[in-house]
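Numbers in our numbering are just positions in the sequence shown, counted from 1, shifted up by 129. All C-beta atoms, glycine included, are put in the ideal place defined by N, C-alpha and C. Since we're looking at a predicted model, the values are computed, not measured. The structure appears right after this line, and notes come after that.
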Amino acid sequence: MLNLHINNIGISGKEFNKILPIFSYSVATFFLMDFAFFINDIVTTLHFTYIESFILLGIPFIGRMVTPFVYSYVGKIGVPRLALLAITSMAIISFIMGYETTFIELFASRFIIGIFFGLATSAAIEVSSITGDRKIIGLTMGGWAIGWLMGAIFFMILGSWELVSIAGIVFAPALLFSRKHNIISPMLKKFHFDFSIKVFLVFLLGFTPAYVLEVVPSYLGPSSFTESIIAYSIAVFAYLLLPALIIRFSLKKTLFSSLIIVAISGIIFFATTNIVFAVLFTAFGLGVNSLLPIISRNMDIDANKIGPSMNFSAVAGFIFPVVLTIGNEALNSAIAVFVAAIFLLLFYSIEFGNHGSGSKSIKKLFSSH
């Protein structure tokens, strides 16, 4: 992610398809996270252990960490074209997965999907940033929720992990639409290692609810489909709502109130499995993600470090589903959510003190729109 803006690179937003970034982020997330609904089916049909199944669920996040090392090179084909190429590649791999039966085969396929996921989402975020449209940027980040929603619907209709994987081939023609989207980013440059421990911590802590949600479908069982459809539908709007609240109230107030809701609803949900609190936890847990780029931009850190640091923080997406299922899954999940929320609140308070409203920054960012 290069954090480009229309005002400083002289490219008309009309040159970038505004649907493309939303489509790319959503479909890429579908291929990444549909596996969360496969866990119980995988254990039953392939006789994998739950630990093996959760390793397969999380391994794409390790693949995603490869993105910073290859993005600047493959991005030369055109950033929008790269997003569509990644989607087509993931569709083909998903189709092949439907016929794989061994742990090694699925491990390799899932790892490669993680690489293409990183490419597709980084390209999608860059394209959405260039449009300068707050709604497009919000809906692009909301692609995480849309992708989860797609996974729930596909599995609810098709009923098996093999059929869902094979059905992913419907997205393979994406590359055919890339002829009109061959715009090369003028800010694209050769790779060099850009990293910020502060940004790493922001995304690590902020994405914890999203990583914890990886275990929810297997935890809830059949009722996860109802919860997912309701919760992720609401979460799409949360991605638009929370950034809008910053302008009215401030980043600090919006972040603090959201994290308090996430912590309380998460604890109650894992203690009671009440669907209402599951919906609250999901919607606000994912909605907080839309605030993380804003927090990062408000820190005195080179913008080029945000994308790589975010991608490296994805290692937690592999660690969480494996570790949380060791012992008491509900207790572990509740503790993880609570601790992450508290530490992110403390980090924000220490980093910004009494001057961390962030409202001026986001007003300036979208002032021309």
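Measuring CA to CA, which of the options is closest to residue i?
{"i": "leucine 420", "options": "Ile242, Tyr477 and Thr355", "result": "Tyr477"}
{"i": "proline 197", "options": "Ile244, Gly288 and Ile265", "result": "Ile244"}
{"i": "serine 513", "options": "Thr401, Leu474 and Ser387", "result": "With the chain covering only 130 through 498, there is no way to say anything about residue 513."}
{"i": "asparagine 418", "options": "Thr178, Glu480, Leu473 and Met194", "result": "Leu473"}
{"i": "valine 172", "options": "Ile254, Glu291 and Ile295", "result": "Glu291"}
{"i": "isoleucine 168", "options": "Ser182, Tyr228, Asp323 and Val199", "result": "Ser182"}
{"i": "valine 199", "options": "Leu175, Pro351 and Pro437", "result": "Pro437"}
{"i": "phenylalanine 385", "options": "Leu370, Leu149 and Ala470", "result": "Ala470"}
{"i": "leucine 149", "options": "Thr260, Ser201 and Ile184", "result": "Thr260"}
{"i": "alanine 253", "options": "Phe324, His176, Gly395 and Gly272", "result": "Gly272"}
{"i": "methionine 194", "options": "Gly227, Val466 and Gly446", "result": "Gly446"}
{"i": "isoleucine 180", "options": "Ala212, Phe232 and Leu415", "result": "Phe232"}
{"i": "isoleucine 184", "options": "Leu334, Thr454 and Gly227", "result": "Thr454"}
{"i": "proline 209", "options": "Ile225, Ala165 and Lys147", "result": "Lys147"}
{"i": "alanine 465", "options": "Ala303, Leu334, Phe246 and Ile241", "result": "Leu334"}
{"i": "asparagine 369", "options": "Gly416, Ala360, Phe399 and Asn403", "result": "In the sequence as presented, asparagine is not what sits at residue 369; that position holds leucine. Answer by Cα proximity: Gly416."}
{"i": "alanine 212", "options": "Leu305, Ala274, Arg263 and Ala296", "result": "Leu305"}
{"i": "alanine 360", "options": "Phe398, Lys382 and Thr383", "result": "Phe398"}
{"i": "lysine 264", "options": "Ala367, Leu380, Val405 and Val203", "result": "Ala367"}
Can you tell me whether residue i is buried or exposed? The criterion is at least 16 other CB atoms within 10 Å of its CB, across all chains shown.
{"i": "glutamate 343", "result": "buried"}
{"i": "tyrosine 154", "result": "buried"}
{"i": "phenylalanine 378", "result": "exposed"}
{"i": "isoleucine 151", "result": "buried"}
{"i": "aspartate 429", "result": "exposed"}
{"i": "glycine 294", "result": "The residue you asked about is not glycine; residue 294 is serine in the sequence shown. It is buried - the Cβ of serine 294 has at least 16 other Cβ atoms within 10 Å."}
{"i": "glycine 350", "result": "exposed"}
{"i": "glycine 482", "result": "exposed"}
{"i": "proline 372", "result": "buried"}
{"i": "asparagine 440", "result": "buried"}
{"i": "asparagine 427", "result": "buried"}
{"i": "glutamate 234", "result": "exposed"}
{"i": "serine 257", "result": "buried"}
{"i": "proline 422", "result": "buried"}
{"i": "isoleucine 222", "result": "buried"}
{"i": "isoleucine 326", "result": "exposed"}
{"i": "leucine 460", "result": "exposed"}
{"i": "lysine 205", "result": "exposed"}
{"i": "threonine 178", "result": "exposed"}
{"i": "glycine 456", "result": "exposed"}
{"i": "phenylalanine 324", "result": "exposed"}
{"i": "leucine 388", "result": "buried"}
{"i": "isoleucine 479", "result": "exposed"}
{"i": "proline 315", "result": "Residue confidence is low: proline 315 scores 48 on pLDDT, short of 50, so the model does not pin down where it sits. No coordinate-derived value is stated."}
Using 8 angstroms as the cut-off, classify the Cβ of residue i as near or not near the heavy atoms of the ligand NAD, replying yes or no.
{"i": "valine 451", "result": "Here there are no bound small molecules, and the ligand NAD is not part of this structure."}
Report yes if the CB atom of residue i is closer than 9 angstroms to the CB atom of residue j, and no otherwise.
{"i": "phenylalanine 332", "j": "serine 238", "result": "no"}
{"i": "phenylalanine 345", "j": "phenylalanine 190", "result": "According to the sequence provided, residue 345 is valine. The question's phenylalanine does not apply to it. Contact: no."}
{"i": "glycine 207", "j": "valine 451", "result": "no"}
{"i": "phenylalanine 284", "j": "aspartate 431", "result": "no"}
{"i": "serine 362", "j": "serine 353", "result": "no"}
{"i": "valine 408", "j": "proline 338", "result": "no"}
{"i": "glycine 280", "j": "serine 201", "result": "no"}
{"i": "serine 328", "j": "isoleucine 435", "result": "Checking the sequence shown, residue 328 turns out to be valine, not serine. Closer than 9 angstroms, so yes."}
{"i": "phenylalanine 413", "j": "serine 425", "result": "no"}
{"i": "valine 365", "j": "leucine 268", "result": "yes"}
{"i": "threonine 230", "j": "leucine 175", "result": "yes"}
{"i": "valine 156", "j": "glycine 247", "result": "no"}
{"i": "phenylalanine 224", "j": "alanine 301", "result": "yes"}
{"i": "isoleucine 242", "j": "phenylalanine 166", "result": "no"}
{"i": "tyrosine 340", "j": "phenylalanine 449", "result": "yes"}
Go ahead and pull the three-state DSSP assignment for residue i.
{"i": "methionine 226", "result": "helix"}
{"i": "isoleucine 148", "result": "helix"}
{"i": "valine 452", "result": "helix"}
{"i": "isoleucine 430", "result": "coil"}
{"i": "methionine 194", "result": "coil"}
{"i": "asparagine 457", "result": "coil"}
{"i": "phenylalanine 336", "result": "coil"}
{"i": "serine 128", "result": "Any answer about residue 128 is impossible in this case: the structure gives the chain only from 130 up to 498."}
{"i": "glycine 207", "result": "coil"}
{"i": "phenylalanine 163", "result": "Position check: residue 163 holds aspartate in this sequence, whereas phenylalanine was assumed. Looking at aspartate 163 - three-state DSSP - the assignment turns out to be helix."}
{"i": "isoleucine 180", "result": "helix"}
{"i": "serine 289", "result": "coil"}
{"i": "isoleucine 265", "result": "helix"}
{"i": "phenylalanine 406", "result": "helix"}
{"i": "glycine 482", "result": "coil"}
{"i": "serine 325", "result": "coil"}
{"i": "alanine 253", "result": "helix"}
{"i": "valine 391", "result": "helix"}
{"i": "isoleucine 188", "result": "coil"}
{"i": "alanine 443", "result": "coil"}
{"i": "threonine 518", "result": "The displayed coordinates of the chain run from 130 to 498. Any statement about residue 518 would go beyond what the structure contains."}
{"i": "glycine 350", "result": "helix"}
Using a Cβ-Cβ distance under 9 angstroms, would residue i count as near chain C?
{"i": "glycine 335", "result": "No chain C appears in this structure, which consists of one protein chain only."}
Contact between the segment 200-218 and the segment 281-291 is defined here as three or more beta-carbon pairs at a separation below 8 angstroms; is this criterion met? With a cut-off of 8 angstroms, the segment 281-291 and the segment 200-218 do not count as touching, because too few Cβ pairs lie within range.
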